[in-house]
Amino acid sequence: MTSVLDTDIKFLPGVGPKRAEVLFKELNIKNWRDLLYTFPFRYLDRTRIYSVSEVDSGMSYIQLRGRITRINVIGEKSPARRLVASLSDSTGVIDLIFFQGIKWMKDRLKINNEYIVFGKPSIFNQSLNLVHPEVDPVTEENPLYVGNMIGVYPSTEKLRNTGISNKQLARMVAVALKQTQDLIPESLPGYILAEKNLMPLRSAIQNIHFPVNQRVLLQAQFRLKFEELFYLELSLLRIKTIRETNNKGFGFPRVGEFFNYCFDKIPFELTGAQKRVIKEIRGDMISGRQMNRLLQGDVGSGKTMVALLCALLAADNGYQSCIMAPTEVLANQHYNSVSKIIQGSGLEISLLTGSTKSAARKEILEKLENGTINILFGTHALIEDKVKFNRLGFAVIDEQHRFGVEQRARLWSKSDELPHILVMTATPIPRTLAMTLYGDLDVSVIDEMPPGRKGVRTIHASENQRDRIREFIREQIASGNQVFIVYPLIKESEKMDYKNLEEGYENVLKHFPPDRYKVAVVHGQQKSDEKTGNMELFVSGKANILVSTSVIEVGVDVPNATVMVIESAERFGLSQLHQLRGRVGRGSESSYCILMTDYKLSKESRQRVDLMCSTQDGFELAEADLRMRGPGDIEGTQQSGLPLVLNIASLSKDTMILEDARRYATTVLEEDPQLSADKNRNLRNQLENMKQEVRDYSQIS
Ligand code: ADP
Ligand code: MG
14 MTSVLDTDIK FLPGVGPKRA EVLFKELNIK NWRDLLYTFP FRYLDRTRIY
64 SVSEVDSGMS YIQLRGRITR INVIGEKSPA RRLVASLSDS TGVIDLIFFQ
114 GIKWMKDRLK INNEYIVFGK PSIFNQSLNL VHPEVDPVTE ENPLYVGNMI
164 GVYPSTEKLR NTGISNKQLA RMVAVALKQT QDLIPESLPG YILAEKNLMP
214 LRSAIQNIHF PVNQRVLLQA QFRLKFEELF YLELSLLRIK TIRETNNKGF
264 GFPRVGEFFN YCFDKIPFEL TGAQKRVIKE IRGDMISGRQ MNRLLQGDVG
314 SGKTMVALLC ALLAADNGYQ SCIMAPTEVL ANQHYNSVSK IIQGSGLEIS
364 LLTGSTKSAA RKEILEKLEN GTINILFGTH ALIEDKVKFN RLGFAVIDEQ
414 HRFGVEQRAR LWSKSDELPH ILVMTATPIP RTLAMTLYGD LDVSVIDEMP
464 PGRKGVRTIH ASENQRDRIR EFIREQIASG NQVFIVYPLI KESEKMDYKN
514 LEEGYENVLK HFPPDRYKVA VVHGQQKSDE KTGNMELFVS GKANILVSTS
564 VIEVGVDVPN ATVMVIESAE RFGLSQLHQL RGRVGRGSES SYCILMTDYK
614 LSKESRQRVD LMCSTQDGFE LAEADLRMRG PGDIEGTQQS GLPLVLNIAS
664 LSKDTMILED ARRYATTVLE EDPQLSADKN RNLRNQLENM KQEVRDYSQI
714 S
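Read left to right, the sequence shown gives residues 14 to 714 (this note's numbering).
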């Protein structure tokens, strides 16, 4: 069903083939609809006119109205050469300054004429000015630019070079809107608009581009965000229902020898939370439905044991399992810790990673295919085509957020019938968000730490406390403990960061001289064996201090490490700080996390540091993180797994709307599971369209 909205963008008056090409390359705009759905990402408020006496240098963009009383060109050569025009209203005079386009502006401005100017106040030559403001004669009727909220669209150099300024883009939108607005079909059923009190789509599109005031802008944004999130949830819930009816799921009714034998050999008592989660998983495994479950648990809460015990249940019922970790270090760690427990049980386990030698690999693949191997541990080497299971019944993915959706899908295809799936993550995410991000998963939570953990005392310190901290580190080392010192490494400032790390390392060597201390250093610029060698020094306890960047593989357990010093802690997000802190406090000794920062901190940085010092609860921190800055990690990957691309809504910022949308979608589906009622025809069509698009994507990749 084509409509005028599908018209190629080059046919829009004022566009043409050349600009069309740039619009497509830079903003992915192919047709008129794409243009109308390219929303401003912020707005300049031109609804209010300030008077000159109100202006101060702290203001953002403001609008003034007055007469030009003086025009001068000052200075000989650029960059000093500039045009200065004085604008006065009844309250005072302010200078408008132009370093560029001097001649053009000079011809345009007329003494004594009235203008509306729009710019950001700044201080120049010790007085208040507007530098390069937008200037419009008052006589010109320009409804788009004076007296409204002005949308700011995404802009790139290429766009600007092709003459597509913000103003131009807004004009194009205005033209497209004028010709098509009455033809934009409503995408939500009338009863939903009424029940949720939503602005109709046509007005929403109009007002998202050209809001006449803040209030209608908010209404338009709400309507568009709600719609996106509602369809997202509706589609996820539908997929879930369909999957549940189509996939019976393997039944694992028996608790047998493997489980009982190993259970008795576990050297500790399971926590209440671990027991509860195992019950939840077992519930799924005997339910006649295929399990898709997300297991959240803070760093060190004991997720591996839960995964192992469930894999034993699978084995007791004649099925194979696999446990996939994101790195070799973690895969090794899983394999080794489980090896001890299963010894003597008759259970066969194996480890398959990128560094498995080809002879060993061949044997593993054979044993896997003939069913000898019960549990296979490994990295993404597990999802290569050659890896074939005999009877895969249970698949575990550890630290899920590091795996792409595609990789997950390939794991699913390892058996004719979908295995039960458990996805584990230490990144705590609020429930609704988790259910959305991870598609249609059920969620289990381990909210209790194994007993005997002393906790980590967190301290905030600055440069003037360095001596005391070094003294403290010496004491800790003297009593046989080890110390991490971590430097931030951020892509944008990589060079500087390495410099900081190097200087820091040299400084550490100075205060912890080699004749008395052993300091290891690990970072991404080292060769692989140099890295491994240094890491090994620390893991084996030979090195007292490990200096490293935050990106190194620190999944390793070093129970002897009791101090984590985080340099420039203000540059880390809360979740990252929490993950780093989780590397100490694993043994029986008291542990410490020291957050080193500048004296001067932004309000947000201070909040983060204070929060870290006041709580160790990963969930509390994650929620705060989400509130404060949106989760970098999540925001980055959020789009990849979803059945629809979010254009305006944000999973992290629009949490309330997201929850509302999920509740509402649930209600709609409860009342009409097949969406077969007449009033839901719109919903059904939209979902069909979404499916089409998703299929297209999958064909591209
Ligand atoms: P994570 O949830 O971070 O993956 P692990 O599964 O690696 O945590 O467990 C962290 C450590 O705690 C391991 O050394 C594990 O053996 C131990 N552990 C797990 N469960 C318990 C328990 N109930 N009591 C004591 N120690 C436990
Ligand atoms: Mg783990």
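Note that CB positions come from ideal geometry on N, CA and C, so glycine has one too.
Check                                                                                                                                                                       : Outcome
Assign G310 to one of two classes, buried (16 or more other C-beta atoms within 10 Å of its C-beta) or exposed (fewer than that).                                           : buried
With respect to the beta strand (DSSP E) encompassing F111, which residues constitute its N-terminal and C-terminal limits?                                                 : G105 to F111
Which same chain residues, not among the five before or five after Q652, have their C-beta less than 8 angstroms away from its C-beta?                                      : Below a pLDDT of 50, predicted positions are generally treated as unreliable, and Q652, at 43, falls in that range; no measurement from the model is reported.
Classify S714: buried if its beta carbon has 16 or more other beta carbons within 10 angstroms, exposed otherwise.                                                          : With a pLDDT of 21 at S714, under the threshold of 50, the modelled position of that residue is not reliable, and the figure given next carries that caveat. By the neighbour-count rule (16 or more Cβ atoms within 10 Å), S714 is not buried but exposed.
Nearest-angstrom Cα distance between I124 and R61?                                                                                                                          : 24 angstroms
Quick one: which unbroken alpha helix (DSSP H) runs of 4-plus residues sit fully inside the region 314-378? Chain order, please.                                            : 316-329 and 341-355
For G315, which of V342, H347 and N330 has the nearest alpha-carbon?                                                                                                        : H347
Looking at the unbroken beta strand (DSSP E) that takes in A533, where does it start and where does it end?                                                                 : V532 to V535
Can you give me the start and stop residues for the alpha helix (DSSP H) that R619 sits inside?                                                                             : K616 to S627
What did DSSP end up calling H473 once you bin it into helix, strand or coil?                                                                                               : strand
Beta carbon of K261: closer than 7 angstroms to some heavy atom of the ligand MG?                                                                                           : no
What is the DSSP secondary structure of E199, counted as helix, strand or coil?                                                                                             : coil
Report the option in E430, P53, D297 and L624 whose CA atom is closest to the CA atom of H591.                                                                              : L624
According to DSSP, is K292 helix, strand or coil?                                                                                                                           : helix
What are the complete beta strand (DSSP E) segments, minimum 3 residues, inside the region 60-88?                                                                           : 75-87
Check whether the Cβ of D58 sits closer than 7 angstroms to any heavy atom of the ligand MG, and report yes or no.                                                          : no
Taking the alpha-carbon positions, what's the K723 to P527 distance?                                                                                                        : The requested residue 723 is not part of the displayed model; the chain covers only 14 to 714.
Alpha carbon to alpha carbon, what distance is there between S363 and Q489?                                                                                                 : 39 angstroms
Which value, in whole angstroms, describes the spacing of the CA atoms of I336 and N305?                                                                                    : 15 angstroms
In this structure, what does DSSP give as the bridge partners for Y605?                                                                                                     : R470 and V576
Say the cut is 7 angstroms; is the CB of T440 nearer than that to a heavy atom of the ligand MG?                                                                            : no
In the DSSP assignment, find the beta strand (DSSP E) that holds M304 and state where it starts and stops.                                                                  : Premise fails: M304 is in no beta strand (DSSP E) and is neither H nor E.
Let me know the secondary structure DSSP gives I713 once reduced to three states.                                                                                           : With a pLDDT of only 26 at I713, under the threshold of 50, the placement of this residue in the model should not be trusted; the figure read from the coordinates follows. Looking at I713 - three-state DSSP - the assignment turns out to be helix.
Grab the span of the beta strand (DSSP E) containing G391 for me, first residue to last.                                                                                    : I388 to G391
Residue range of the alpha helix (DSSP H) that S492 falls in?                                                                                                               : Per DSSP, S492 belongs to no alpha helix (DSSP H) and is neither H nor E.
Please classify P224: is it buried, with 16 or more other beta-carbons within 10 angstroms of its beta-carbon, or exposed?                                                  : buried
Would a C-beta distance cut-off of 8 angstroms place N573 and G595 closer than the cut-off?                                                                                 : no
Could you give the DSSP three-state label for N557: helix, strand or coil?                                                                                                  : coil
Return the chain-ordered list of same chain residues with a C-beta closer than 7 angstroms to the C-beta of G645, the five sequence neighbours on each side being excluded. : The pLDDT assigned to G645 is 43, lower than 50, so where the model puts this residue is not dependable, and the model offers no usable value.
Assign A491 to buried or exposed, taking buried as 16 or more other Cβ atoms, counted over all protein chains shown, within 10 Å of its Cβ.                                 : exposed
My assumption, with CB atoms under 8 angstroms, is that S101 sits in contact with V65. Please give the rounded CB distance.                                                 : 7 angstroms
Confirm, please, whether the CB-CB distance from N220 to L211 is below 8 angstroms.                                                                                         : no
When you compare the CB positions of I75 and A98, do they come within less than 8 angstroms of one another, or not?                                                         : no
Determine the direct distance from the alpha carbon of S665 to that of E648, and round the result to whole angstroms.                                                       : Below a pLDDT of 50, predicted positions are generally treated as unreliable, and E648, at 41, falls in that range; no measurement from the model is reported.
Just list the residues that DSSP pairs E127 with in beta bridges.                                                                                                           : R80
Using 8 angstroms as the threshold, is the region 244-255 in touch with the region 673-689, meaning 3 or more CB pairs across them?                                         : yes
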